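See structure below.
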DNA sequence: TTGTTAACTTAACATTGTTAATGTATATAT
DNA sequence: ATATATACATTAACAATGTTAAGTTAACAA
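Chains as they are written, first to last, in the numbering used here: chain A, 1 to 214; chain B, 1001 to 1214.
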């Protein structure tokens, strides 16, 4: 029994309801294990109603990722208040890892799951926006450190540096998320692994005198 | 029309046939996109025949991973002939990355896909065997470098070092495999990213005089 | 010859994502 | 006030999937 003509706000609200329910289920049991019918049941609608708001399951997943990317960027934004570029870069890394490890299934959806390529055209987020684009945030802080002249002489490509910094933290976090339960490896403490990775990266990227100053 | 009573060798052969066909398909189109019927068709059997050799799709996947872990260890074994521990460690990293990037879907199955925990008990491979256990190979070479006294004074935990080295290369490779197609990031060349990561890690892990010697 | 059984196939099931067909209550037009 | 159109929702249905149950066939043992 549909009360007709929802306002835009109401429709947005239902969209959010679907997204939240879906994320909850995806996050606790994995994307493929969750059915459209199940998501629908959770919010008291029929499965097909979801298709009035999302083209298909993948589009729903994409929307969830969009909101999670925004959540990540919002969290990392708090580092902007740190004046020293180097301290800011380290804080960004720590914040990123904290997000990854406290929302492992979000992180899996965002960075570890096979997907149709992310495309700024198809996203509700704005690329190169400091409030919404976490990669842009990283690039900015790396650029600030670069502009201070802290990086070694042979490091000139800000994108390359940013991607290497990203990969280092992503490596630790993604191994933790995907392999921590395995009996094959006797894992060192995750905090120790994160700390060592940051230390090693700083040693490898920065000029010696900058490191000694700290 | 079943000619009865296969020998053990024949049954092993059919198992291998299934594994090879399944891997081929998994690797080219992803695990979930491939159906049991399709695998069966490829080798001229019916889908249900596969269940005579593997409990379910996941067990089949596990067997494939086992053979791929062995393939990785076998590939990395070629580095054993390098006398210098440091050069050996670098070669191991390069070999690992080459494997990951030339078999991205294998790699995805092995290290990026959610799985029931790997357990030495349940594997056909032997843990801590230099021929079969790639992590053990890494640990060994890290230990050799450690024994030479090449690592910085503050680095004492071989497992922690090994896991950090692993995470660095895994980070680059897994981002490449999962995100390279995304339009959001303007990716630097993958070779440059691998090279910089190795350089940075060596700078961060090794004593200064060792690095200058090279 | 007659069972027995291993190897294999066909049928069948429950579940999935998704589309088509249908209903229903409201908003608008008359 | 009545009719019509339409937005919102549901139920039915489809093709495809992993998997199980129920045959079928051929080799061997008695």
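Note that beta-carbon positions come from the ideal geometry of N, C-alpha and C, so glycine has one too.
From a predicted model like this one, the values you see are computed outputs, not experimental measurements.
Applying a beta-carbon distance threshold of less than 8 angstroms, which residues of chain B neighbour residue 164 of chain A?
Translated into positions along the first chain, residue 164 of chain A becomes position 164. Simply 1172, 1193, 1196, 1197, 1200.
How would you list, in chain order, the residues of chain B whose beta-carbon sits under 8 angstroms from the beta-carbon of residue 112 of chain A?
The residue given as residue 112 of chain A occupies position 112 in the first chain. Simply 1112, 1174, 1178.
Out of A:123, A:158, A:148, A:57, which one is the CA nearest neighbour of residue 137 of chain A?
By one-based count along the first chain, residue 137 of chain A stands at place 137. Ranking A:123, A:158, A:148, A:57 by Cα distance to residue 137 of chain A puts A:158 first.
How far does the alpha helix (DSSP H) with residue 75 of chain A in it extend, from its first residue to its last?
As a first step, residue 75 of chain A must be located in the first chain, where it is residue number 75. In the DSSP annotation of this structure, the continuous segment of the alpha helix (DSSP H) that includes residue 75 of chain A starts and ends at 57–77.
DSSP beta-bridge partners of residue 206 of chain A
Sequence index remark: in the first chain, residue 206 of chain A carries index 206 (1-based). Its beta-bridge partners are A:151.
What does residue 1083 of chain B touch in chain A if you count any residue whose Cβ is under 8 angstroms from its own?
Walking along the second chain from the start, residue 1083 of chain B turns up at place 83. In chain order: nothing, as chain A lies at least about 25 angstroms away.
Below 8 angstroms between beta carbons: does that hold for residue 1028 of chain B and residue 1040 of chain B?
On the second chain, position 28 is the one that residue 1028 of chain B refers to. On the second chain, position 40 is the one that residue 1040 of chain B refers to. With a cutoff of 8 angstroms on beta-carbon distance, residue 1028 of chain B and residue 1040 of chain B are scored as not near each other.
Supposed contact pair residue 135 of chain A and residue 1185 of chain B - C-beta distance, whole angstroms, cut 8 angstroms:
The count along the second chain starts at 1 and reaches residue 1185 of chain B at position 185. The count along the first chain starts at 1 and reaches residue 135 of chain A at position 135. So it is a contact: roughly 6 angstroms between Cβ atoms.
Give me the chain A residues within the contact set of residue 1135 of chain B, using Cβ-Cβ distance strictly less than 8 angstroms, ordered along the chain.
For the purposes of this step, residue 1135 of chain B is taken as the residue at position 135 of the second chain. Those within 8 angstroms of residue 1135 of chain B in chain A are 184, 185.
Going along the chain, which residues of its own chain have a beta-carbon closer than 7 angstroms to the beta-carbon of residue 63 of chain A, five neighbours each way excluded?
If you number the first chain from 1, residue 63 of chain A lands on position 63. Result list for residue 63 of chain A: 19, 54, in chain order.
Using a Cβ-Cβ cutoff of 9 angstroms, what residues of the stretch 1036–1059 of chain B are near chain A? List them in chain order.
Hits within the stretch: zero.
Less than 8 angstroms between the C-beta atoms of residue 1244 of chain B and residue 1165 of chain B, yes or no?
Lying outside 1001 to 1214, the shown extent of chain B, residue 1244 of chain B is not represented and no answer is given.
Rounding to the nearest angstrom, what Cα-Cα distance links residue 97 of chain A and residue 72 of chain A in this structure?
Here residue 97 of chain A refers to the residue found at position 97 of the first chain. Here residue 72 of chain A refers to the residue found at position 72 of the first chain. So the alpha carbons of these two residues sit roughly 10 angstroms apart.
Suppose you measure from the CA of residue 1083 of chain B to the CA of residue 1206 of chain B; what does that come to, to the nearest Å?
Translated into the one-based positions of the second chain, residue 1083 of chain B becomes position 83. Translated into the one-based positions of the second chain, residue 1206 of chain B becomes position 206. Answer to the nearest angstrom: the Cα atoms are 18 angstroms apart.
Tell me where the alpha helix (DSSP H) around residue 1020 of chain B begins and ends.
To locate residue 1020 of chain B, count along the second chain from 1; it is residue 20. First-last of the alpha helix (DSSP H) with residue 1020 of chain B: 1008–1029.
Can you tell me where the alpha helix (DSSP H) holding residue 106 of chain A begins and where it ends?
Within the first chain, residue 106 of chain A is the residue found at index 106, counting from 1. From DSSP, the alpha helix (DSSP H) with residue 106 of chain A extends over 104–107.
Can you name the residues of chain B whose CB is closer than 7 angstroms to the CB of residue 127 of chain A?
The residue you call residue 127 of chain A lines up with position 127 of the first chain. Chain B residues near residue 127 of chain A: 1184.
Suppose the cutoff is 6 angstroms on Cβ atoms and the five residues either side in sequence are ignored; what does the same chain contact list for residue 197 of chain A look like?
Stepping through the first chain from its first residue, residue 197 of chain A is reached at position 197. Same-chain partners within the cutoff: 168, 172.
For the ligand PLP, is there any heavy atom lying closer than 7 angstroms to the beta carbon of residue 1152 of chain B?
This structure lacks the ligand PLP, and indeed carries no ligand of any kind.
Which of the residues in the stretch 91–103 of chain A, read from start to end, lie with their CB under 9 angstroms from any CB of chain B?
none
Check whether the stretch 1112–1122 of chain B touches the stretch 1145–1164 of chain B, counting contact only when three or more Cβ pairs, one atom from each stretch, lie closer than 8 angstroms.
Taking 8 angstroms as the limit for Cβ pairs, the verdict is that the stretch 1145–1164 of chain B does not touch the stretch 1112–1122 of chain B.
Residue 1037 of chain B: buried (16+ other C-beta within 10 angstroms of its C-beta) or exposed?
If you number the second chain from 1, residue 1037 of chain B lands on position 37. Exposed, by the Cβ-count rule.
Proximity test, Cβ basis, 8 angstroms: residue 1181 of chain B and chain A:
If you number the second chain from 1, residue 1181 of chain B lands on position 181. Yes, residue 1181 of chain B lies at the interface with chain A (some Cβ there is under 8 angstroms from its Cβ).
Which value, in whole angstroms, describes the spacing of the CA atoms of residue 59 of chain A and residue 208 of chain A?
Taking the first chain and counting its residues from 1, one reaches residue 59 of chain A at position 59. Taking the first chain and counting its residues from 1, one reaches residue 208 of chain A at position 208. When rounded, the distance between both Cα atoms is 48 angstroms.
Thinking just about the alpha-carbon of each residue, which of B:1014, B:1095, B:1031 is nearest to the one in residue 1105 of chain B?
Position 105 of the second chain, counting from 1, holds the residue named residue 1105 of chain B. Of the listed residues, the one whose Cα sits closest to residue 1105 of chain B is B:1031.
What residue does the alpha helix (DSSP H) around residue 159 of chain A start on, and which one ends it?
As a working mapping, residue 159 of chain A is identified with position 159 in the first chain. For residue 159 of chain A, the enclosing alpha helix (DSSP H) stretches over residues 158–179.
Presumed contact (8 angstroms Cβ cut-off) between residue 1034 of chain B and residue 1085 of chain B, rounded CB distance
Walking along the second chain from the start, residue 1034 of chain B turns up at place 34. Walking along the second chain from the start, residue 1085 of chain B turns up at place 85. Between residue 1085 of chain B and residue 1034 of chain B the Cβ distance is about 42 angstroms, and since that is not below 8 angstroms, they are no contact.
For residue 1131 of chain B, which residues from the same chain have a beta carbon less than 8 angstroms from its beta carbon, with the 5 sequence-adjacent residues on both sides left out?
Here residue 1131 of chain B corresponds to residue number 131 of the second chain, with the count starting at 1. Counting only Cβ-Cβ distances below 8 angstroms, and skipping sequence neighbours, we find 1073, 1074, 1077.
Cβ neighbours of residue 123 of chain A in the same chain (closer than 7 angstroms, five flanking residues each side left out)
Numbered from its first residue, the first chain carries residue 123 of chain A at position 123. 66.
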